[in-house]
Each structure stands twice: as structure tokens, then as C-alpha cells.
Amino acid sequence: MLEAKQLVKTFDGFRALDEASLTVPKGTVYGLVGPNGAGKSTIIRHLTGIYRPDSGSVTLGGEEIYENPAVKRRIVAIGDDWYYFPQASIAEMAKLYAGMYPTFSWERYEKMKEIFPLNHKQMIRRMSKGMQKQAAFWVTMCCMLEYLILDEPVDGLDPVMRRQVWSLLLGDVAERGTTVLVSSHNLRELEDVCDHVGIMNKGKVLLERSLSELQDNTVKLQVVYPAEEPTLPAELKILHRSHVGRVYTYIIRGNSEQIRQRMQICQPLLLEAIPLTLEEIFIYEMGGADYAVRDIIL
Amino acid sequence: MRSGTSFFDKTLFRTDLRRYWPLLFVYTGIWTVMLPVVLWAATAMYGSAENVREYLYTAMLMGVYMALIFCPLLAMALFSYLMNSRPVSLMHALPVTRHTQFCSHVLAGLGMMAAGKLLVALLTLLVQLLRGSVVIGPLCLWFLVVTLVELFFFSLGILSCMITGWLLAAPVLYAAANCIASVVMVLLEMLAGMFYFGYASPMNMPAVVRWLTPVYALNNTLGKRVYENMDAESVAEQGSRILNPDAIPMLAIYTVVALVFLAVSWLLYRQRASESAGDPVAFSWAKPLFRCGISLLGGLTLGLGVYSILAMNRSEVSMPLLLVCILLLGVVSYFAAEMVICKSFRVFTHGWPGAVAMILVLAAVCFATKIDITGYQQRVPQAEKVETVEINLPYDSIYAEGCSSPELISAVVALHQIVVDDPMPAAAGEEVFTLYLTYQLEDGREMNRGFKLSAQRVREDPELYQALVTLLNCRELRYKDVLGNRYDPNKTYQMRGGYMFNEVEGGDQQITAEQAQALYEAVLEDLANGAGHRTPMEGSQEQCVIRIELDTGDVTLWPEITSDFTETISVLLSLGVERDQLFWDENGSTLLD
Chain A
87 MLEAKQLVKT
97 FDGFRALDEA
107 SLTVPKGTVY
117 GLVGPNGAGK
127 STIIRHLTGI
137 YRPDSGSVTL
147 GGEEIYENPA
157 VKRRIVAIGD
167 DWYYFPQASI
177 AEMAKLYAGM
187 YPTFSWERYE
197 KMKEIFPLNH
207 KQMIRRMSKG
217 MQKQAAFWVT
227 MCCMLEYLIL
237 DEPVDGLDPV
247 MRRQVWSLLL
257 GDVAERGTTV
267 LVSSHNLREL
277 EDVCDHVGIM
287 NKGKVLLERS
297 LSELQDNTVK
307 LQVVYPAEEP
317 TLPAELKILH
327 RSHVGRVYTY
337 IIRGNSEQIR
347 QRMQICQPLL
357 LEAIPLTLEE
367 IFIYEMGGAD
377 YAVRDIIL
Chain B
18 MRSGTSFFDK
28 TLFRTDLRRY
38 WPLLFVYTGI
48 WTVMLPVVLW
58 AATAMYGSAE
68 NVREYLYTAM
78 LMGVYMALIF
88 CPLLAMALFS
98 YLMNSRPVSL
108 MHALPVTRHT
118 QFCSHVLAGL
128 GMMAAGKLLV
138 ALLTLLVQLL
148 RGSVVIGPLC
158 LWFLVVTLVE
168 LFFFSLGILS
178 CMITGWLLAA
188 PVLYAAANCI
198 ASVVMVLLEM
208 LAGMFYFGYA
218 SPMNMPAVVR
228 WLTPVYALNN
238 TLGKRVYENM
248 DAESVAEQGS
258 RILNPDAIPM
268 LAIYTVVALV
278 FLAVSWLLYR
288 QRASESAGDP
298 VAFSWAKPLF
308 RCGISLLGGL
318 TLGLGVYSIL
328 AMNRSEVSMP
338 LLLVCILLLG
348 VVSYFAAEMV
358 ICKSFRVFTH
368 GWPGAVAMIL
378 VLAAVCFATK
388 IDITGYQQRV
398 PQAEKVETVE
408 INLPYDSIYA
418 EGCSSPELIS
428 AVVALHQIVV
438 DDPMPAAAGE
448 EVFTLYLTYQ
458 LEDGREMNRG
468 FKLSAQRVRE
478 DPELYQALVT
488 LLNCRELRYK
498 DVLGNRYDPN
508 KTYQMRGGYM
518 FNEVEGGDQQ
528 ITAEQAQALY
538 EAVLEDLANG
548 AGHRTPMEGS
558 QEQCVIRIEL
568 DTGDVTLWPE
578 ITSDFTETIS
588 VLLSLGVERD
598 QLFWDENGST
608 LLD
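Sequences listed follow chains A and B, in order. Take any residue in the first sequence, count from 1 to its spot, add 86: that is its number in my numbering. Take any residue in the second sequence, count from 1 to its spot, add 17: that is its number in my numbering.
Written out as C-alpha cells, the structure reads:
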């Protein structure tokens, strides 16, 4: 289990992480989402042992990650801007990773040649951004490690290659029990692959649950009343309310079945629960954290 | 459980070699040209072992400059990843500790230079074998000396890289570390020269400055030609060139310093935050030091520079103008440093308290110098604590070093005391009487003074004038004045021969040992009888046409006699010198009847 507890990190007085806690269960695909500047990359750099926390702890299986090669040998990461040596080719970067990670598989490296249409002897800096991303996946996925940490991993990849990369990742999760932590803004994509989600804002992890729990815990209701909208039960935690004509839409936190029963008091003509997308959960949760889409006319 | 990790990672080592081999190639290439190739060409005609040996010692000196340039480059290349957030993220995410990373990179650098030098040494040996003059010892010594010098400059380069997170700042820090002591010394000398009456720059660079300027120290020590038998009279008897014995303790000390630098760098690397990549100063505790250092140095250097331009035509120091220049440029330097640290021009709102503090510090430095807080101007050594003194009175053409007679030392100290009790420096345009004194004190220290007095004042101040008369007519100074600076009045000399040159008509006459001895004894007798009496600021009108050279075997004496050297004149006449040829005045008339 990959775990960050009460993590604090300050840069020149700016608190980038403010007692952030996060738990990535083994064998899961964990999606870390949050607005720009929420602290996702900072927490990822702690999880990969790059940054030393000001306070708090970052552990893998109970062992500190920072300055612990034995633990770091179980984690490989692709940052939002993967670095390669200026004169290096994919083969040369692979040699570096192979030297560092004993589990590196040259057999897999050879197989990857069929997946990624790249010349592995070409200098990486001569490649396009998307090709460089493919190169990063090529090298890191050959490390065959237990934990894979990805920061904006498929940015710059074309739709086919995105699907290809996700397929490879999920294949590893299914076959080898690889744990994947992925940070992305593409919530629709994450929704398809993640089973756990953590939402960050202003250096804190606001909530983290399994996706099913999250979806079960928030309900989107479409309701039609016979007359004007009645007063709703006070105990309902309404995150959002809107209406078009007589059709009212509510986003309510809580169990779907219990909320439906409560709403019967209002005697609706129509009461329908619609599954929430991850994007909607994110937007409404962030709205609660004073971060929402504002209707601003310029 | 944390795993025990080794200090070395071969993957990092190989990666460094793969990435930075061009630097190694250039380094080895230059050494190959400088050593085996030049040796091959130079020994084509004169291929003696002595020539090879001589060249290898010269190559040690070259090693200082090669190390000075290549070591920081290599250090910057190896640790360049610390200067950028992307590479530092890659390197620090790898499963190796910072300890292993540091050691692996350091060993890679040292290994690369050692491998390059080893190749050069083997090629040099091959050249020696082909030329038939093999000198293994100096070649091994070259390898060892250059390796130690490289270790020092490499460790200094690494330390520079550890302090900053900005690649461009690393060479600046490295250069500053190499010359900061000399710069500070020059600045202090400039300030002292402005404010201290009698200030004279030390004859030699102070030891602490020399040690803190390693290029200078190593250049002087390794560049000094030392032979097996330095006391031999002829070059042929001097034997083979050897390493300057002073170089061994110096290299040992610099090696220890290098190891300390490496240890400090290692500690800094372990403490260094990855996110400091890109910051001009990587540690928050170093930022105030950086600001203050830049402000102090900038204020003094630029301030004194601007002042010297503005006060070009002033004879006296203008304290207000100097203060304005130094304080203004100190503040400018402070804000410039702050801008570099913050990478922003918006530093004025939060930077002013520090700037005010620096103004106070700089003003304090100026005022402390002005009021002579150390008592420099009034300091006169106690006569009994002076071992020797060097006197230079250009006005009277007096230069005497190593003077040690208590009479002379007392006279010098008395004169010094009179001068500092009532300082009266020469004003602009006034005739100057200069007095330079260098004391060697019993405790090994040196004390220098250089007074530029008003010549008018010297003539009119009876106390000062009398002190000068006493000094000029001290026995030791009079003997040195007449017989030469290297003459020791307490020593007995036996003449071996000599020459007499007629400087007007030309021609010389060799004299025998007996004749030379007679001349020498006559000079001594004249001196004992009071001949050669000097009066300050009154140069002799007499010009002795005959220049006498007396060879003692140890030193050569050149007695300069005047018309009151009656015994000496008698001996000269007995040696066949025409009486009317002895002295000519400025108009060409004979002075003696």
C-alpha cells in the first residue's frame, strides 16, 4: 500500500501540500484529480522519492520512500515532462533503467518494438512530443515494477495510442497486480480505468474513495413537481440545484435509495436517479471547496 | 527495513562516461599534444634525459592551468542535472541514495581524468623509449602532482555546484572562490592607501591570501626551478631538476582541503532539496551571505572605481564623495543580488531593510578605516623587537636591506616615531621626500611603511632633520652606502682580486688580490675616520671616475668613494691612477688639486 500521511511541503512560504493524506491500495488504479495548482505533481514527487517532505510521511508497505533504494526499486514513474538525456536514444535510456531496476525485461523491450512505431536508436529529442511520451512508456513499462506512478500520462498521445497505452497498463494491472497511480485532468478517461479516486485542492486531499463508493454517495435526481417546487427536506445535502421549466435537477450527497424515499414527501410527478459522471462529481465537489465554473461574461 | 547501499553505482558511472566522453576526449587530447607530442618534437635534436625531466616538471605547472579549467567543467557536467527540475526529477527518482549518486559522479569524474592522464603517461613513456631517454620518476611524479591538483580544483568545482542551483552561477562561484582573497586584499589596500598615512602594500602577498589564491600559490611553488644542488656555483654542477620541496606540504594541505570540500559537498548534496534546481542559491541559509557578500564587494569595488574616476584631480580624499559612491553602489549591488535570488525586479518593497543594514555596514567599514580603528598609523615597532630593517630613501639614493645593528634600528624607529607623531604628508605639487621602511620583527611578521613627506618640512623641522642625519650616518648604513647593500660590516672579507674601470675614458685595469685587499682596507680606514658623512637631501657633486670592483669570492663590493676618502685615494694613486682623473664635477672640472 502506497501511503502519504499528513504531508506538508512549503516552497518559499507557499504551502503546496497542506497535511495531505492519500492511500493507494495495492492492485488498484488510483486516479488523482484536482484543479491546476492543487498539489498533484508535488504529492507525486513525494511518492517517487524526489522531494523530501517538510513533515508527514510517505511510505510503501510501511517503509519510508525517501532515500530508500529498496523501496524505490518497486516504483517507477513517468512525470508530466519525462526527462531523457539530450543525446540519448530509447535504447540508451533503457540501459539506464535496466541498470537501475533488476526486474527490467529486455524480452518485453523487444516486444514493445511491435507496439510503438519508433526507431529505438533514434535520439529522443528528435522525436515529437507524442513520440517522446511513447518512448517513456516503452522504457518504464519494461521495468515490470509493482507500482507505476503516472503524471498526465497520455497527454500528447493520439486516440489510438492512448487506447493502446491504457490497454497495456490495465493488462499489467490484471496480470501482474500492478498498482497504478495516475494524475490527470481527463476525467472521462479516468472514469473508464480507475477504481479509486482522490480529489485534491489547495494542497489537501479533499476526499478519496473507490469510484463506486463515490458514485453511490452522490446522486443526481431529475424531478418534476405537479406545481411549484416545494420545500425540500432539510436533512438533504444538496450540492447543486438547477431547473429547466418544470424539470428540476438536484445533485445530492447521500445514498440513492434513501434520498429517493425522502423525496417522496414532495410528491413528485417524476423522480429519476441518473448516474453521476466523475467529471460531475469533481465539479460539484470542487464547487463545495469554493472552486466552480463561474458564469462570467467578458 | 532500509537496505544498506553501496557508495558506488556502476550504471551511473557508465552513464556519466557515455554522456561526457567528449570532455574526456578534449582533455586527453590537449594533454597528448602538450606532453608526448611536444616531447617527441622537442627531443628530436636534444633528447637528453635532463631535457625530458625538465619538460616533465614544466608539465606539472601546465597541470595547474589544465585543472583550473577542466575540473570545474567536468564538475558542472556531472552535476548539471541538479540545475534543472526535469533531470533532477529523473535522477532523484532512481533507486539510488543521494550518497551513492554523489560518490558515483565524483568517482566518475576522477576516474575519467585519471584514465586520460594514464593514457598520456603511457604515450609519454613510449616517446621516451623511442628517444632513448627514459625518466620514469618525474613521469610518475607528474601523474601524482597533477592528480592532486585536479582533486583540489575538482572538489572546488563540485562545491560551487552544490551551493547553487543555477548552472551559470557555478562558474561564477568557482572563479570567485579562486580570487576572492586577492580581490579583498586589493580593496583593503586601496582603502588603507586612501586613509592611512604611511600605508605601504606588503612586499609579498600575505601568506593567508596566497593560500586562499590556490592558482597563485601552486603556480609559484610548482613553477620554481629547484635542482639537486642549488648551492653549486655553476649550472652544470647543480644536478637534475627536482620537485620544489615546498610543493610537498602545499599539495598535502590542498589535498586535505579538497577532501574537506568533498565532505562538505557531500553533506550539502544530502541536504539539498530537489526543488532548488534553478535557484541561484540552493540553500536558504546561504542567501543572506550571498546578498551581503555581493553588496560588500560590489560597494567597495564599484564604489572605489567610480570614486577614483570622479576624484581623478583631487589630491586629498573626499570622505563624503567616497561614502556616496560606496554606499550607493553597495545598495545597487544589494538589490542586484536580491533580484538574482528572487529572479524578479520587484525586490524594493521587501529588500529595503537589508539594504539599510548594508548601508550601515559599509559606512562602518569606511569610518573604521578613516578613524584608524586598528591604530595602524601610530604603530611603531619597539626597537628591541626588530630583527632587521630595510631602508629605502630614494631622495638620497639610499637603499639598504637586512640592517640589523641596534644603533641603526634605534635610529630608524626614532625617525619613524617622529614622522607618525606629527604626520605631514606632501601636498599636491609639493616636492616629496619618500621614506620606505620594512621591518622584519622577531615574531616573524613583517611591517611595511611608506611615507611621502613634504621635502620642505623635512628641511625645516629640526627634530626630523636631525633624526635623518643620525640615521644616514649610522655605521652600518654608511658602510652599506659606500660598499654596497650586500656588505656586512660585522664580517671579515678577504679580497681575491678586482678591477678598476675608468668610466670617462673607458678601459679597465685588473688588480691583484693584494692590491684589492689594500684598497678595501683603505676604504675601511677612511670610513672609520668618518669619511662618507651624509647630509640629508644634499646629493654629492663629486663623481668618482674610477669604478672599483672588489671580488671577495662571496660578494662583489663596489666601493663608491668621495673626495674625503684620503687613504683610498692614496692607494689608487699608488696603483697608477692619475690624480686629476679621480673626480670630476658636473662641469667636467677636476676636484682635486
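Don't be surprised by glycine CBs; every beta carbon is placed ideally from N, CA and C.
Best match in the options for proximity to residue i [C-alpha to C-alpha]
i        : options                                   : result
B:Ser291 : B:Val373, B:Ile180 and B:Leu190           : B:Ile180
B:Arg36  : B:Leu52, B:Leu313 and B:Met129            : B:Met129
B:Gly523 : B:Gln598, B:Arg476, B:Ala472 and B:Leu454 : B:Gln598
B:Ile376 : B:Met356, B:Val364 and B:Val341           : B:Val341
B:Phe160 : B:Leu314, B:Thr141, B:Leu173 and B:Met93  : B:Thr141
B:Arg492 : B:Met464, B:Asn519 and B:Ala417           : B:Ala417
B:Thr45  : B:Phe384, B:Leu135 and B:Phe171           : B:Leu135
B:Val563 : B:Glu447, B:Pro576, B:Met464 and B:Asn68  : Per the sequence shown, residue 563 of chain B should be read as Ile rather than Val. Selected option, being the one with the closest Cα: B:Pro576.
B:Lys469 : B:Pro440, B:Gly501 and B:Thr114           : B:Pro440
A:Tyr233 : A:Ala359, A:Leu108, A:Lys112 and A:Phe97  : A:Lys112
A:Ser269 : A:Met198, A:Pro121, A:Ala102 and A:Ala260 : A:Pro121
Outcome for residue i when other beta-carbon atoms lying within 10 angstroms are tallied against a minimum of 16
i        : result
A:Pro361 : exposed
B:His433 : buried
A:His282 : buried
A:Ala124 : buried
B:Arg242 : exposed
B:Cys157 : exposed
B:Tyr527 : Reading the sequence as shown, one finds Gln at residue 527 of chain B and not Tyr. Exposed, since its Cβ has fewer than 16 Cβ neighbours within 10 Å.
B:Met18  : Residue confidence for B:Met18 is low, a pLDDT of 42 falling below 50, so the modelled location carries little weight and cannot support an answer.
A:Glu238 : buried
B:Pro231 : buried
A:Glu371 : buried
B:Ala76  : buried
B:His122 : buried
A:Gly99  : exposed
A:Trp252 : buried
B:Ser20  : The pLDDT assigned to B:Ser20 is 46, lower than 50, so where the model puts this residue is not dependable, and the model offers no usable value.
B:Phe153 : The residue asked about is misnamed: residue 153 of chain B is Ile in this sequence, not Phe. B:Ile153 should be labelled exposed.
A:Lys290 : buried
A:Arg262 : exposed
B:Phe17  : With chain B covering 18 to 610 only, the question about residue 17 of chain B has no answer from this structure.
Terminal residues of the beta strand (DSSP E) in which residue i lies
i        : result
B:Tyr537 : Where B:Tyr537 is concerned, there is no enclosing beta strand (DSSP E), although the alpha helix (DSSP H) it sits in stretches over Ala530 to Ala545.
A:Thr387 : Only positions 87 to 384 of chain A appear in the structure, and residue 387 of chain A is not among them; the question remains open.
A:His326 : Lys323 to Val330
A:Gly142 : Ser141 to Leu146
A:Thr189 : Segment: none, A:Thr189 is in no beta strand (DSSP E) and carries neither H nor E.
A:Thr317 : Per DSSP, A:Thr317 belongs to no beta strand (DSSP E) and is neither H nor E.
A:Tyr336 : Val333 to Arg339
A:His282 : His282 to Asn287
Bounding residues of the alpha helix (DSSP H) (the contiguous stretch that carries residue i)
i        : result
B:Gly524 : B:Gly524 -> no alpha helix (DSSP H), and no H or E assigned at all.
A:Asp213 : A quick correction: the sequence has Met, not Asp, at residue 213 of chain A. Note, A:Met213: premise wrong, no alpha helix (DSSP H); not H, not E.
B:Ser121 : Arg115 to Arg148
B:Asn236 : Pro231 to Gly240
B:Ile86  : Ala66 to Leu95
B:Phe169 : Ile153 to Ile180
Whole-number beta carbon distance between residue j and residue i, since they are thought to touch under 8 Å
i        : j        : result
B:Glu584 : B:Glu542 : 5 Å
A:Met286 : A:Leu88  : That pair is no contact at about 15 Å.
B:Arg495 : B:Val572 : No, B:Arg495 and B:Val572 are not in contact; Cβ-Cβ is about 18 Å, not under 8 Å.
B:Ala374 : B:Phe352 : Contact doesn't hold; Cβ gap of about 13 Å is too wide.
A:Leu146 : A:Val162 : The Cβ separation is near 12 Å, so there is no contact.
A:Ser175 : A:Gln208 : 6 Å
B:Leu56  : B:Val166 : 20 Å between Cβ atoms; not a contact.
B:Pro553 : B:Leu485 : 4 Å
B:Thr28  : A:Leu182 : 6 Å
Min CB distance residue i to chain E below 8 Å
i        : result
A:Glu153 : Considering every chain present, this structure includes no chain E. Its protein chains are A and B.
* **Sufficient close CB pairs (3 or more, under 8 Å) joining the segment 302–322 of chain A to the segment 264–276 of chain A** => No: the two stretches stay apart, fewer than three of their Cβ pairs being nearer than 8 Å.
* **Stretch pair the segment 161–181 of chain A + the segment 317–332 of chain B: three plus CB contacts closer than 8 Å** => The way I'd put it, the segment 161–181 of chain A doesn't touch the segment 317–332 of chain B; fewer than three beta-carbon pairs between them come closer than 8 Å.
* Are the segment 259–274 of chain B and the segment 211–227 of chain B touching by the rule of at least three beta carbon pairs closer than 8 Å? -> No contact exists between the segment 259–274 of chain B and the segment 211–227 of chain B.
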